[in-house]
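Counting with the working numbering, you get residues 25 to 461 for the letters of the sequence shown.
Where a beta carbon is used, it is the ideal one built from N, C-alpha and C, also for glycine.
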Amino acid sequence: MQEKNYVFKKKWFDYLGYQPHDGQLALHYPEKADARFHVMVCGRRFGKTWASAMEACYVASQPNKRIWVVGMSYRKARLIFREIWQKMVVGHPEDIKRSSEKDMLIEFKWGTTVEGMSADNPDSLVGEGLDLLVVDEVAKMNKKIWDMYLSPTVAGRKGKVIFITTPEGRNWIYDLYKLGEHDPMWACHSAPSWVNQHEFPLGLEDPAIIERKRNMSKALFGQEFGAEFSIFQGKVWDFDRGIDTGNFPYDPNLPTYCSIDFGYRMPAVIFAQTEFIGNVEHIRVFDSILHKENIKTEDLIKMIKTKGYPIVSYYGDPAGSSVQGQSGAGDMEIFRRSGIRILCMRDRMSRNIIASVSYVRGFFSSADGTRRIHVDKKCKDVIQDFEEYRYPETEDGKPIKEEPIKDGHHDHGNDAFRYFITNRFPMKNNQLRKIQR
């Protein structure tokens, strides 16, 4: 589907009251006017959902078109469909033949249809040929959704496809993005969050961007806000013993925490304290129980209590609530019976290894260079675990897996430390606040 009538499109956008920012212009007025496949890789709060909805409105204004907007779920698809509904249905009953906001269906009197679909119900992704297909957050989808279900829907009518997403490493969307460099049918666009002057009036110097840059790792900030295809490989933590270790012993004037990775074969315990340096809260790791093999839960409890630290809170893995075959009780229950209550975050983000590891990386070194982790030089096992925690090696520049290696030795201490960070500094409280346009 050729895009040459840019004059009419601009007038249509003016009619809708839509003024795209500089980053959105690349989608609406691409240099490759005849490209059918557009991969739009953008940072969070860029306005990609809004832009794709307005593009769908433009196509929907033309006769006899068939349009799908596809999300990871019906709820996600509704985010785009709702914008189309507000612009094309609300206040325009004379244009509508049949419509249902609940079922995400619009039929216009000029023969055009718009439907909202869900990738988590792939069997529903079968239908007549499409003139426009919008796929939201496609990097989170399985490649087969595109290959097996969606690509055939645009083959017959040579429909246009808009892939909109925030990148997730160099997965299959990176391969599609690279097609735009040499295939005339593919166009690729990339833009960071801060080009959206509606959300971030000060651009890269906007307070919201500066806050995220301060509290996220460089790689994660680059991915989530810079729209970069970050590769997570090599060392997981940006930990430097020459900078991050020193004299950080137990301080009775600071709050003390204990974080535990359960397991009989090799449990792990981290003791840490927090203190403010300026207006930033830092972490001091001063003791641990690591690399001890075949430790019963009851014995581990004794080892922790023997330390004698006045613990403010105990943190652990939610999996610790699982019942053990021999005792008939989970690790958390055994701890509770001994007078220790284990706290754990159970939200989806905190339990996601990739997301939580990326979050913790920002404490070692944020995108603005702030280092918040300090380890006492006597904690040799902790230092070793931090230094040896690694991502899998890559093949041809492509990551095998975005999760760190579980080598059965160094991963346990790092898991215990991760539980401390995600509980003491909850991920859900450190997300960029959504700002309404």
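Cα-Cα separation, residue i to residue j
i      : j      : result
Ser175 : Val185 : 9 angstroms
Tyr30  : Glu205 : 23 angstroms
Asp262 : His436 : 18 angstroms
Cys180 : His45  : Residue identity check: residue 180 is Gly in the sequence provided, not Cys. Computed Cα separation, rounded: 33 angstroms.
Ala215 : Phe70  : 8 angstroms
Phe105 : Pro334 : 54 angstroms
Gln48  : His213 : 9 angstroms
Pro428 : Pro146 : 31 angstroms
Phe224 : Pro231 : 8 angstroms
Leu149 : Gly183 : 15 angstroms
Val384 : Val406 : 15 angstroms
Asp439 : Pro54  : 46 angstroms
Arg209 : Leu226 : Reading off the sequence shown, one finds Met at residue 209, where the question assumed Arg. Approximately 35 angstroms between the Cα atoms of the pair.
DSSP beta-bridge partners of residue i
i      : result
His315 : Paired residues: none, contrary to the question.
Ile366 : Tyr338
Leu129 : Ser124, Glu139
Thr269 : Val399
Phe37  : DSSP, once it has assigned bridges, lists no residue as partnering Phe37.
Cys282 : Phe295, Tyr338
Thr462 : Only positions 25 to 461 of the chain appear in this structure, which leaves residue 462 out of reach.
His95  : Per the sequence presented here, residue 95 reads as Gly, with His not at that position. In the DSSP output, where bridge partners are listed per residue, Gly95 has Ser142.
Cys212 : Val63
Asp160 : Ile188
Ile301 : Val304
Lys326 : Paired residue(s): none; Lys326 is not in a bridge.
Proximity to residue i [Cα-Cα], best of the options
i      : options                        : result
Lys164 : Trp134, Trp196, Val178         : Trp196
Val309 : Cys403, Ala251, Lys320         : Cys403
Lys72  : Glu417, Thr190, Pro342, Pro208 : Thr190
Asn10  : Phe295, Glu299, Arg448, Ile294 : The structure shown does not extend to residue 10, since the chain is modelled only from 25 through 461, so no value can be given for it.
Asp431 : Arg442, Phe444, Gly153, Pro416 : Pro416
Phe295 : Phe359, Gly332, Val260         : Gly332
Val293 : Asp275, Phe61, Gly302, Ile319  : Ile319
His306 : Glu192, Asp439, Ile445, Ile108 : Ile445
Thr280 : Gln297, Asp264, Gly266, Tyr288 : Gln297
Neighbourhood of residue i by C-beta distance below 6 angstroms, restricted to the same chain and skipping five residues each side
i      : result
Asp171 : none
Met290 : Glu317, His436
Thr137 : Arg90, Glu131
Gly386 : Asn239, Met240, Ser241
Neighbourhood of residue i by C-beta distance below 7 angstroms, restricted to the same chain and skipping five residues each side
i      : result
Gly250 : Gly67, Pro216
Arg102 : Met128, Gly140
Pro273 : Phe310, Asp400
Own chain partners of residue i with C-beta closer than 8 angstroms, once the 5 adjacent residues on each side are dropped
i      : result
Asn271 : Asp400, Lys401
Arg370 : Pro342
Inset, instruction - Decide if the region 400-412 is in contact with the region 243-257; the criterion is three or more beta carbon pairs, one per stretch, under 8 angstroms apart. - result: Not touching, per the Cβ criterion.
Inset, instruction - Assess, as a yes-or-no matter, whether the region 229-243 is touched by the region 88-100 under the definition of 3 or more beta carbon pairs within less than 8 angstroms. - result: no
Inset, instruction - Check whether the region 125-132 touches the region 207-223, counting contact only when three or more Cβ pairs, one atom from each stretch, lie closer than 8 angstroms. - result: no
Inset, instruction - Evaluate contact between the region 362-377 and the region 332-339, counting only Cβ atoms and requiring at least three cross-stretch pairs below 8 angstroms. - result: yes
Inset, instruction - Assess, as a yes-or-no matter, whether the region 72-85 is touched by the region 108-116 under the definition of 3 or more beta carbon pairs within less than 8 angstroms. - result: yes
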